[in-house]
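In the working numbering, the protein residues as written are 295 to 706.
Note that beta-carbon positions come from the ideal geometry of N, C-alpha and C, so glycine has one too.
First up is the structure itself, then whatever we jot down about it.
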RNA sequence: CGGGGUGUCGUAUACCGGUAGUACGCUUGCUUUGGGAGCAAGAUGACGGAGUUCGAUUCUCCGCACCCCGACCA
């Protein structure tokens with residue numbers, strides 16, 4: 295894409311009403327726009343980035359047998375009443391509204407209920423199990439107080455996968471596979487080093503749930519990390535009794551602030567029983583399906599990457615998520631020979647992999663914008679290029695500079 | 001939801017009970033062109049409503065919005 299045609303502009307100053315680094319940088323670089331407290335729109339660069347995160351997650355969910363679907367955001371009051379999650383005294387962050395034709399609806403905070411009901415149409419035998427289904431969808435939560443930029447909003451993108459198994463043993467197998475997939479996801483997204491599977495409070499069906507926590511001072515959670523075992527314990531379950539169950543001692547754990555980028559739960563039959571999701575077992579008996587839920591917030595992951603990997607100059611995207619792989623900068627200063635060299639290179643590189651800064655602005659502004667936007671590889675075409683026949687390739691993360699010929703760049 | 005705070009050109013900020021200033025951005029022209037250029041000329045602003053006052057952007061009240069701390073976060 296040509297920068298001259300990109301409608302978003304960068305800014306020097308962060309807005310005064312944003313304190314979170316992720317929001318400051320993403321707004322300055324033109325990735326997102328704040329609509330209201332805790333509500334953000336994703337602009338072209340931001341959407342490309344978010345879509346890349348989504349694609350990594352999608353590939354890993356598909357690899358463990360997840361089947362993608364999309365459910366409605368609008369929820370059926372009667373359905374949620376059956377699991378006792380409609381009442382404001384039970385769940386207090388619904389956005390509720392009314393149909394003109396009468397009756398109430400709400401915007402989905404999560405999707406256990408609708409998917410469980412869908413599955414009652416399709417699961418009837420042990421032969422139908424296990425099955426996993428997932429979606430990417432905006433969730434709505436009427437938070438009292440939004441904070442932390444795009445990391446905790448009232449509307450946010452969520453990947454939610456739900457597993458359906460015939461018994462605890464089968465569920466454990468499925469769960470373990472998805473857990474491994476989560477580890478791969480965070481590795482691919484550039485957060486592997488900083489992200490720890492973390493024991494947290496488990497709810498009704500298991501002593502613990504697992505969260506994926508990324509170490510960051512911007513985090514809202516406090517966790518205790520075992521660096522050798524690469525696991526952690528959330529403060530909410532950090533007690534001697536629990537640590538003993540986990541085979542850990544306080545001496546080997548280090549306290550850290552962290553961002554919860556994913557979580558996985560054993561749901562047992564919490565939803566299948568009230569919603570009557572039953573199957574016929576081998577022996578002919580009817581049994582409730584055993585469920586699990588597995589969430590990752592791609593928009594929160596995007597904020598987390600900015601929080602943890604950016605530097606003084608701006609954002610630093612890992613290659614897997616960057617909106618473009620190359621940022622091609624033409625320092626022609628009106629010199630048509632240099633400009634056309636840059637333009638030829640732009641045309642020869644893979645379509646969609648390059649942001650081409652063809653604007654008629656000074657070098658300093660192009661460099662500053664490029665640092666801010668965080669595209670991994672900067673290609674600089676200038677006077678030297680014509681003399682030496684090479685183009686400068688600069689790594690955004692390390693600043694390392696290489697001089698490559700056009701042929702070398704095309705196979706880079 | 002409890003407590004605290006803030007609303008000034010597009011953005012960031014300053015000052016003030018009496019003509020609202022600066023920087024960046026924007027428009028026009030000339031120069032400039034490897035780290036956010038220079039000169040010149042422009043355009044653009046007081047959250048909404050009531051009140052106090054000769055006069056309110058400034059003071060008071062109400063509303064709305066936003067921020068921060070806490071609580072909450074399936």
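Measuring alpha carbon to alpha carbon, tell me which of the options ends up nearest residue i.
| i | options | result |
| --- | --- | --- |
| residue 512 | 308, 305, 301 and 313 | 313 |
| residue 407 | 605, 374 and 563 | 374 |
| residue 624 | 541, 664 and 539 | 664 |
| residue 592 | 496, 421, 552 and 483 | 483 |
| residue 486 | 402, 602 and 496 | 602 |
| residue 413 | 657, 567, 316 and 392 | 567 |
| residue 619 | 626, 639, 468 and 648 | 648 |
| residue 440 | 329, 634 and 477 | 329 |
| residue 415 | 703, 569, 496 and 376 | 569 |
| residue 578 | 324, 352, 419 and 507 | 419 |
| residue 462 | 582, 315 and 704 | 582 |
| residue 345 | 657, 612, 617 and 481 | 617 |
| residue 460 | 444, 671 and 576 | 576 |
| residue 306 | 688, 677 and 662 | 662 |
| residue 338 | 352, 561 and 321 | 321 |
| residue 692 | 671, 396 and 510 | 671 |
| residue 621 | 481, 640 and 301 | 640 |
| residue 442 | 385, 496, 340 and 334 | 334 |
| residue 682 | 694, 700, 688 and 523 | 700 |
| residue 457 | 450, 425 and 477 | 425 |
| residue 386 | 421, 434 and 362 | 434 |
| residue 627 | 660, 607 and 638 | 660 |
Would residue i and residue j qualify as a contact pair, given that the criterion is a beta-carbon distance under 8 Å?
| i | j | result |
| --- | --- | --- |
| residue 636 | residue 675 | yes |
| residue 490 | residue 455 | no |
| residue 367 | residue 432 | yes |
| residue 605 | residue 554 | no |
| residue 556 | residue 597 | no |
| residue 417 | residue 518 | no |
| residue 600 | residue 319 | yes |
| residue 609 | residue 679 | no |
| residue 298 | residue 629 | no |
| residue 358 | residue 471 | yes |
| residue 323 | residue 645 | no |
| residue 684 | residue 698 | yes |
| residue 669 | residue 611 | yes |
| residue 520 | residue 504 | no |
| residue 493 | residue 502 | yes |
| residue 405 | residue 438 | no |
| residue 445 | residue 342 | no |
| residue 332 | residue 448 | yes |
| residue 488 | residue 509 | yes |
| residue 371 | residue 398 | yes |
With residue i and residue j assumed to form a contact (beta carbons below 8 Å), what rounded beta-carbon distance in angstroms separates them?
| i | j | result |
| --- | --- | --- |
| residue 270 | residue 584 | Look at the range of the chain in this structure, 295 to 706, and you will see that residue 270 is not part of it. |
| residue 571 | residue 410 | 5 Å |
| residue 468 | residue 350 | That belief does not hold up - the Cβ atoms of residue 468 and residue 350 are roughly 21 Å apart, past 8 Å. |
| residue 464 | residue 401 | Actually they do not touch by this definition, with Cβ atoms about 33 Å apart. |
| residue 377 | residue 559 | Not confirmed; about 15 Å, so no contact. |
| residue 403 | residue 380 | Wrong, their Cβ atoms sit about 11 Å apart, outside the cutoff. |
| residue 453 | residue 430 | 5 Å |
| residue 650 | residue 295 | 7 Å |
| residue 348 | residue 336 | So it is not a contact: roughly 11 Å between Cβ atoms. |
Which stretch, first to last residue, makes up the beta strand (DSSP E) that contains residue i?
| i | result |
| --- | --- |
| residue 572 | 572-574 |
| residue 398 | 398-401 |
| residue 557 | 548-562 |
| residue 694 | First-last for residue 694: undefined, no H or E at that position. |
| residue 425 | 425-434 |
| residue 528 | 525-528 |
| residue 458 | 449-459 |
| residue 614 | Taken as a continuous stretch (DSSP letters only), residue 614 belongs to no beta strand (DSSP E), as it is neither H nor E. |
In the DSSP assignment, find the alpha helix (DSSP H) that holds residue i and state where it starts and stops.
| i | result |
| --- | --- |
| residue 671 | Run containing residue 671: none in the alpha helix (DSSP H); it sits in the beta strand (DSSP E), 671-675. |
| residue 659 | 657-667 |
Can residue i be considered in contact with the ligand COA, in the sense that its beta carbon sits closer than 7 Å to one or more heavy atoms?
| i | result |
| --- | --- |
| residue 381 | The ligand COA is not part of this structure, which contains no ligands at all. |
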